[in-house]
Amino acid sequence: MHSTDNVAVESINDHTVNVQSNRILSSGIVASTMGHTTVTPNTPAIQSSISSAPNLVGTTGLAKDCAGCGKRITERFMLKALDLFWHEDCLKCGCCDCRLGEVGSTLYTKANLILCKRDYLRLFGTTGYCAACNKVIPAFEMVMRAKNNVYHLECFACQQCNHRFCVGDRFYLCDNKILCEYDYEERLVFANMTSNPSSLAHIRRQVSNLQVKSLIPSTFLLLPSYFIVLCLF
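Following the numbering used here, the numbering of the sequence shown begins with 28 at its first residue and continues without gaps.
In structure tokens, the structure reads:
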């Protein structure tokens, strides 16, 4: 079973990977995705957006109390999250102590902790295994996906020639192995020759004739690698 894919980047949801395959019938191209491994915590976490709001205490005369320190918010701007108001310095990740208003627009609460996305995934996300190296992929790491396989970013390469793919490059998933376009086409040629002995014999005769004529070495450099390999038969 062979499939053709293009390397592409896709945004993810906060709890599950958002995989959308766009199948193009004329060429058989399927979009691959980059994202996090799926998060499956034992108990539901609360997700909340973070928004910045102007402090209108001078206009309304009603000051807001910070949900973090309990003190009045007198600064010009404040943060709103979990239906509460916060000083910008008080809304922090309970694990890494980063200011949540500066690292994103979403926070998570679970087990009485307020967490940034990275620490939420690290603590409560599900780890997986790389289809290439079989090593663990932490839940908070970015990954590359091809069909049902997941890869470290550094492992997502042709498993024949180790060519590293860039976004937009075409690759093939053949017998559960990732191949670049060149190696995939070369494999197809060998498969066709194996199933068609007369074609294989014809190519052998062509290679033999080239050797008899003692062509210059640069001519051989122009030949596809499968012609050169056939010289060994």
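Heads up, the beta-carbon is just placed ideally off N, CA and C, and yes, glycines get one too.
Suppose you measure from the CA of residue i to the CA of residue j; what does that come to, to the nearest Å?
i, j, result
"D116", "S79", "13 Å"
"C143", "T154", "18 Å"
"I77", "M105", "10 Å"
"F192", "K137", "38 Å"
"P68", "R149", "With a pLDDT of only 41 at P68, under 50, the local geometry of the prediction cannot be trusted, and the value read off the model is given with reservation. Taking the straight line from one Cα to the other gives about 11 Å."
"Y209", "F151", "41 Å"
"V163", "L180", "13 Å"
"R214", "Y156", "27 Å"
"R126", "I141", "11 Å"
"F198", "R103", "52 Å"
"M169", "N176", "14 Å"
"Q186", "L200", "10 Å"
Can you tell which of the options has the C-alpha that lies nearest to the C-alpha of residue i?
i, options, result
"A158", "L140, G152, E168 and Y178", "Y178"
"T133", "E213, R145 and N82", "R145"
"G97", "L140, W113 and V194", "W113"
"C122", "L109, N139, M169 and L111", "N139"
"K174", "N203, D110, P165 and R197", "N203"
"C160", "F183, F167, A166 and G152", "F183"
"D262", "G152, I205 and Y147", "The question about residue 262 has no answer here: the residues shown for the chain are numbered 28 through 260."
Could you tell me if residue i is buried or exposed, where buried requires 16 or more neighbouring beta carbons within 10 angstroms of its beta carbon?
i, result
"I73", "exposed"
"R99", "exposed"
"R172", "buried"
"A218", "exposed"
"S59", "Residue placement at S59 is flagged as unreliable, the pLDDT there being 36, under the threshold of 50; a coordinate-derived value is accordingly withheld."
"V194", "exposed"
"L206", "buried"
"C188", "exposed"
"L83", "exposed"
"L89", "exposed"
Does the beta carbon of residue i sit closer than 8 Å to a beta carbon anywhere in chain B?
i, result
"V170", "Here chain B cannot be found, since the structure has a single protein chain."
State whether the stretch 116-126 contacts the stretch 92-100, with contact taken as three or more CB pairs (one from each stretch) at a distance under 8 Å. Here the stretch 116-126 makes contact with the stretch 92-100; the two share three or more CB pairs at distances below 8 Å.
Enumerated in chain order, which unbroken segments of the beta strand (DSSP E) with a length of 3 residues or greater are wholly contained in the stretch 110-197? 111-113, 133-137, 140-142, 170-173 and 176-179
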